[in-house]
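Novice: Before I ask anything, let me first share the structure, which is written out below as structure tokens.
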Amino acid sequence: MTPTTSNDLITPLRAASRNLAREWGFLRPKIAGSDLSAAAVHALIELGNGRSLSVDELAAELRVSTGQVRGVVVPELVGRGLVKSEGEGGIYGLTEEGKETLGRINGFAQRQVAKALEDVGGGNGVTAGDITSMFRIWTQALERAREVGENFPTPAVTPGQEESPFGLPGTGAVAGAGVEPAVAKRTVEIVSGYQPGILGRVVEMHMEYYYPKYNWGREFETVFTEGMLDLLKRVGNGKGNQAWAAVLKQPGGKDRIVGTVFIDGEITAKEGVAKLRAFIVDEEARGLGAGRRLLRAAMDFIMEEGFGQCKLTTSKELMVARKMYETEGFKPMGEYWYGGWLEGVCSMEYLWERPAGKHTSSEDGTLKGKEV
């Protein structure tokens, strides 16, 4: 280890970097005085000044994967009416509301930085210009030192390919326009009933999403696993309980469960009322329409079993998932803030009710479920 890379320099620099990220609010769900995620705010900034960018170009600018931009960032901005698609090829630009929002974000940031710069100096000989220069030098050094594999590849969108309406990376994100060529060669099959390994995969996918995002650790994993174990034991018992898995078929590779959804026909203890649970799709299946097809399979089952109502709970910030539910006829019934170990998360309750006059009869001609 050379003198320039000794712990005496690295440790305080790491601490300063962490403090900087915290002061700027990057650890909070929303930043820059807005109600947007950090990635969405940065995407707005890149789309400013009249620029129009593709998903691949945005991913390169933000130093993230195209999957994250397509499945999370773009849906958040489009859902808020801040960004719009401009023609074919997955090109996006700001709407008028997006420009106004960006103006407010820039104003907030300008004030934040200006106030901090006023405090620079204090007899230590450091000027605002020095800070600007050092930031530029440090950023360039970080870019040069980036680990192999962190330069996210951004293959071109294949012209003429039809986009899948929905993909779901744990949160119910909408897949954007275009399909990456590598992904397009894979297919997803939706299968019902128990599948070997489904319990392990549904837990794994939830932990991969919720632990990094909310720091939900052992207690969440334990409670969630116990709940899903109980449901899995009841799947296919003839009492309105069922499971579906999205199985990724990879040429020359091993099939893998990349998404799940469950219907629990007994948890509410009310006749004719079911609950939709554990709806999630792994990031690697994004863009293949797995989320849309899983949800459709579950709702077909609800109709066929004659349920009059179906409930679900989701996070308020998962706007794309909420849109998917609402497309299927779910209506928001209220919201509340979690307490205890889930503190800081706003939950929303949704309810689906069977449309009047739409009933499904069993094979012997009798009506299944409850009249609505």
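All letters in the sequence shown, in the order written, are residues 130 to 501 by the working numbering.
Here a beta-carbon is modelled for each residue, glycine too, at the ideal position from N, C-alpha and C.
The structure displayed is predicted, hence computed values, not measured ones.
#1: With H, G and I counted as helix, E and B as strand and the rest as coil, what does DSSP make of A375?
#2: Can the beta-carbon of W373 be found less than 8 angstroms from the beta-carbon of T397?
#3: With distances taken from CA atoms, which of S146, G435, Y467, N136 is nearest W267?
#4: Buried or exposed, going by whether 16 or more other CB atoms sit within 10 Å of the CB of Q379?
#5: At what residue ranges does the segment 346-376 contain a whole run of the alpha helix (DSSP H), taking only runs of 4 or more?
#6: Does the beta-carbon distance from G369 to G322 come in below 8 angstroms?
#7: Using 8 angstroms as the cut-off, can you tell me whether the segment 480-487 makes contact with the segment 452-461, which would need three or more C-beta pairs spanning the two stretches below that distance?
#8: When we look at the beta-carbon of T261 and count the other beta-carbons within 10 Å, is it buried (16 or more) or exposed?
#9: Using CA atoms only, rank isn't needed, just tell me which of E455, T456, S476, M453 is closest to E464.
#10: What's the gap between the Cα of E215 and the Cα of L176?
#11: Which word fits Q197, buried or exposed, when buried means at least 16 other C-beta atoms lie within 10 angstroms of its C-beta?
#12: Distance check for L377 and H171, CA to CA, integer angstroms please.
#13: Consult DSSP for V474 and reduce its assignment to one of helix, strand or coil.
#14: Residue range of the alpha helix (DSSP H) that Q239 falls in?
#15: Out of V402, E400, Q371, K399, which one is the CA nearest neighbour of I392?
#16: Mark R422 as exposed unless 16 or more other C-beta atoms lie within 10 angstroms of its C-beta, in which case mark it buried.
#17: Assign K445 to one of three DSSP states: helix, strand, or coil.
#18: Taking Cβ to Cβ, would you say V207 is nearer than 8 angstroms to G222?
#19: Determine the direct distance from the alpha carbon of K228 to that of R363, and round the result to whole angstroms.
#20: Around the C-beta of N136, are 16 or more other C-beta atoms found within 10 angstroms, so that it is buried, or is it exposed?
#21: For E333, which residues from the same chain have a beta carbon less than 6 angstroms from its beta carbon, with the 5 sequence-adjacent residues on both sides left out?
#22: Please go through the same chain and pick out, in chain order, the residues whose beta-carbon is closer than 6 angstroms to the beta-carbon of A285, but skip the five residues on each side of it.
#23: Per DSSP, what are the beta-bridge partners of W481 in this structure?
#24: Just curious, the beta strand (DSSP E) that G463 is in, first and last residue?
#25: With A375 and I319 assumed to form a contact (beta carbons below 8 angstroms), what rounded beta-carbon distance in angstroms separates them?
Specialist: By the coordinates alone:
#1: For this step, residue 375 is matched to residue 246 along the sequence shown. Strand, per DSSP.
#2: Numbered from its first residue, the sequence shown carries residue 373 at position 244. Numbered from its first residue, the sequence shown carries residue 397 at position 268. Their beta carbons are not under 8 angstroms apart, which means W373 does not touch T397 by this criterion.
#3: Position 138 of the sequence shown, counted from the start, is the residue given in the question as residue 267. Nearest to W267 by alpha-carbon distance, out of S146, G435, Y467, N136, is S146.
#4: Locating residue 379 in the sequence shown gives position 250, counting from the first residue. Q379 counts as exposed, since fewer than 16 other C-beta atoms from the protein chains shown sit within 10 angstroms of its C-beta.
#5: DSSP runs (the alpha helix (DSSP H)) wholly in the segment 346-376: 347-363.
#6: As a working note, residue 369 is residue 240 in the sequence shown. As a working note, residue 322 is residue 193 in the sequence shown. At a Cβ-Cβ threshold of 8 angstroms, G369 and G322 do not count as neighbours.
#7: Yes, since at least three Cβ pairs between the segment 480-487 and the segment 452-461 fall closer than 8 angstroms, the two stretches touch.
#8: For the purposes of this step, residue 261 is identified with residue 132 of the sequence shown, where counting begins at 1. When all chains shown are included, T261 counts as exposed.
#9: Residue mapping note: residue 464 aligns to position 335 of the sequence shown, counting from 1. Closest by C-alpha distance to E464, out of E455, T456, S476, M453, is S476.
#10: The count along the sequence shown starts at 1 and reaches residue 215 at position 86. The count along the sequence shown starts at 1 and reaches residue 176 at position 47. Cα to Cα, the separation comes out at about 12 angstroms.
#11: As a first step, residue 197 is located in the sequence shown; it is residue number 68 there, counting from the start. Q197 should be labelled buried.
#12: The residue you call residue 171 lines up with position 42 of the sequence shown. The residue you call residue 377 lines up with position 248 of the sequence shown. Their Cα atoms are separated by approximately 32 angstroms.
#13: Here residue 474 refers to the residue found at position 345 of the sequence shown. Secondary structure of V474 (DSSP, three-state): coil.
#14: Position 110 of the sequence shown, counted from the first residue, corresponds to residue 239. Its alpha helix (DSSP H) spans residues 225-247.
#15: By 1-based counting over the sequence shown, the position of residue 392 is 263. With distances taken between Cα atoms, I392 lies closest to Q371.
#16: In the sequence shown, counting from the first residue as 1, residue 422 sits at position 293. R422 is buried by the Cβ-count criterion.
#17: Counting from one through the sequence shown, the residue named residue 445 turns up at place 316. Here K445 sits in coil by DSSP.
#18: Counting from one through the sequence shown, the residue named residue 207 turns up at place 78. Counting from one through the sequence shown, the residue named residue 222 turns up at place 93. Not in contact: V207 and G222 (Cβ atoms no closer than 8 angstroms).
#19: Walking along the sequence shown from the start, residue 363 turns up at place 234. Walking along the sequence shown from the start, residue 228 turns up at place 99. The C-alpha of K228 is placed about 51 angstroms away from the C-alpha of R363.
#20: Position 7 of the sequence shown holds residue 136. Classification of N136: exposed, given that the 10 Å Cβ count is below 16.
#21: Here residue 333 corresponds to residue number 204 of the sequence shown, with the count starting at 1. Excluding sequence neighbours, E333 sits near nothing in its chain.
#22: The sequence position of residue 285 within the sequence shown is 156, counting from 1. The predicted model places A285 with a pLDDT of 29, which falls under 50 and marks its position as unreliable; any figure quoted below should be read in that light. Within the same chain, A285 has no close Cβ partners at all.
#23: Translated into positions along the sequence shown, residue 481 becomes position 352. Per DSSP, C439.
#24: As a working mapping, residue 463 is identified with position 334 in the sequence shown. Run containing G463: 460-466, per the beta strand (DSSP E) assignment.
#25: The count along the sequence shown starts at 1 and reaches residue 375 at position 246. The count along the sequence shown starts at 1 and reaches residue 319 at position 190. The Cβ separation is near 6 angstroms, so the contact holds.
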